[in-house]
Amino acid sequence: MDPAVSGPTSAAHGGGGGRAPDVTAAPGPALPAARGGPAGRSCLEPSDAGGLDAAGALALLRTGELSIEGRLVEASNATLFCAISGGGVEARCVYKPVRGERPLWDFPDGTLAAREVAAYALSEQLGAGLVPPTVLRDGPFGTGMAQLWIDVDETVDVVRLVQGGDRRLRRIALFDAVINNADRKGCHLLPAPSGRVYAIDHGVTFHGEDKLRTVLWNWRGKRFDAAERALLDELAAALAGPFGDQLDDLLTRAEVAALRARIDRLRAGDRFPQPSDDWPPIPWPPF
1 MDPAVSGPTS
11 AAHGGGGGRA
21 PDVTAAPGPA
31 LPAARGGPAG
41 RSCLEPSDAG
51 GLDAAGALAL
61 LRTGELSIEG
71 RLVEASNATL
81 FCAISGGGVE
91 ARCVYKPVRG
101 ERPLWDFPDG
111 TLAAREVAAY
121 ALSEQLGAGL
131 VPPTVLRDGP
141 FGTGMAQLWI
151 DVDETVDVVR
161 LVQGGDRRLR
171 RIALFDAVIN
181 NADRKGCHLL
191 PAPSGRVYAI
201 DHGVTFHGED
211 KLRTVLWNWR
221 GKRFDAAERA
231 LLDELAAALA
241 GPFGDQLDDL
251 LTRAEVAALR
261 ARIDRLRAGD
271 RFPQPSDDWP
281 PIPWPPF
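For the sequence shown, counting from 1, position 170 maps to 170 in UniProt numbering; every step adds exactly one.
As structure tokens, this is what we get:
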């Protein structure tokens with residue numbers, strides 16, 4: 001193993017944002033195959049992403065040259081910190097190769113990167129801008145997920161943010177209920193300089209069985225407001241069109257059907273879900 005190198009690292013288990021460095025060098029061979037990320041509406045605050053808007057970030061992530069600068073050593077899967085450049089534009093990103101995904105007993109092997117892209121696509125479909133721009137592409141270790149690096153406001157205490165039920169987290173709680181997020185830790189929330197809070201690390205989502213595990217239970221049992229109802233209605237309609245076809249390329253048909261059913265249940269219940277008694281409702285460690 002090469003010696004440690006300096007560079008930002010994420011407080012999360014493999015997402016697209018960071019603070020102080022703790023990375024190790026990780027070069028590797030190139031392998032074939034590449035795919036793009038979602039189309040449609042794009043939301044990103046440029047001040048949180050080195051000045052890039054969403055369209056520019058997606059174009060760079062899809063076609064830019066990846067240069068691995070280190071590995072995020074706290075991540076549970078292979079998570080590489082990269083510089084990416086093309087057309088005179090440079091940025092930072094996280095690259096998670098499929099071949100570096102740790103096998104899980106309840107998720108099919110080699111599917112986590114596509115689930116991350118599906119989560120980004122759904123966030124963009126809602127116009128929510130919760131997830132940093134994310135694509136599926138070729139890289140030095142083969143096909144993987146590439147996600148734009150988000151600068152973090154280190155003055156924000158994420159524990160207090162979560163425990164205080166910050167309103168900015170309510171939409172993320174709804175998003176997690178929709179995508180069936182099995183691992184929403186506090187360190188997967190990135191408070192950015194603009195005041196926005198981004199959500200990362202969505203590899204264990206969209207399972208066909210209910211698996212919601214999160215630290216965002218502040219709104220459990222609360223009724224949806226009018227804007228939240230409208231978002232769910234819009235999403236249900238979108239799944240009947242091209243957006244549903246887009247997700248078919250990233251998830252199994254059974255998982256897309258389960259997503260539709262989950263949205264229908266949320267609309268019918270008109271409330272945020274309650275923690276289940278059938279599995280631990282909070283991930284470990286929670287932060």
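The beta carbon of each residue, even a glycine, is placed where N, CA and C say it ideally should be.
Predicted model only: the values in this text are computed from it and were never measured.
Item, Value
"Check: Ala78 C-beta below 7 angstroms from any heavy atom of the ligand GDP", "The model depicted lacks the ligand GDP and carries no ligand whatsoever."
"8 angstroms Cβ shell around Pro29 - same chain, five flanking residues per side excluded", "Caution applies to Pro29, whose pLDDT of 30 falls short of 50 and renders its modelled position unreliable; the value that the coordinates give is listed next. These residues qualify, in order along the chain: Pro140 and Phe141."
"Burial state of residue 289, where buried means 16 or more other Cβ atoms lie within 10 Å", "Past the edges of the chain, shown from 1 to 287, lies residue 289, and the structure says nothing about it."
"Arg41 to Val197 span [Cα, whole Å]", "Low local confidence applies: a pLDDT of 43 at Arg41 is under 50, so the model's placement there is unreliable, with the coordinate-based value given in what follows. So the two alpha carbons sit approximately 19 angstroms from each other."
"Span of the beta strand (DSSP E) around Gln147", "Gly144 to Leu148"
"Gly37, buried or exposed, once every other Cβ within 10 Å from all chains shown has been counted against 16", "Confidence at Gly37 is low in this model, with a pLDDT of 40, below 50, so the placement of that residue is unreliable and no value is reported for it."
"Extent of the continuous alpha helix (DSSP H) to which Ile84 belongs", "Counting along the chain, Ile84 falls outside any alpha helix (DSSP H), though it belongs to the beta strand (DSSP E) covering Leu80 to Gly86."
"Element boundaries [beta strand (DSSP E), containing Pro191]", "Leu189 to Pro191"
"Whole-number beta carbon distance between Phe272 and residue 320, since they are thought to touch under 8 angstroms", "As displayed, the chain neither begins before 1 nor continues past 287, which places residue 320 out of reach and without an answer."
"Pairwise C-alpha distance: Trp279 and Ala119", "23 angstroms"
"Beta-bridge partners of Tyr198, as assigned by DSSP", "Leu190"
"Per DSSP, cross-strand counterpart(s) of Ala91", "Ile84"
"Of the residues Arg184, Arg102, Thr79 and Pro133, the one placed nearest Ala55, counting alpha carbons only", "Pro133"
"Beta-carbon gap between Arg220 and Gln274 smaller than 8 angstroms", "yes"
"Same chain, Cβ closer than 8 angstroms to Trp284, neighbours up to 5 away in sequence not counted", "none"
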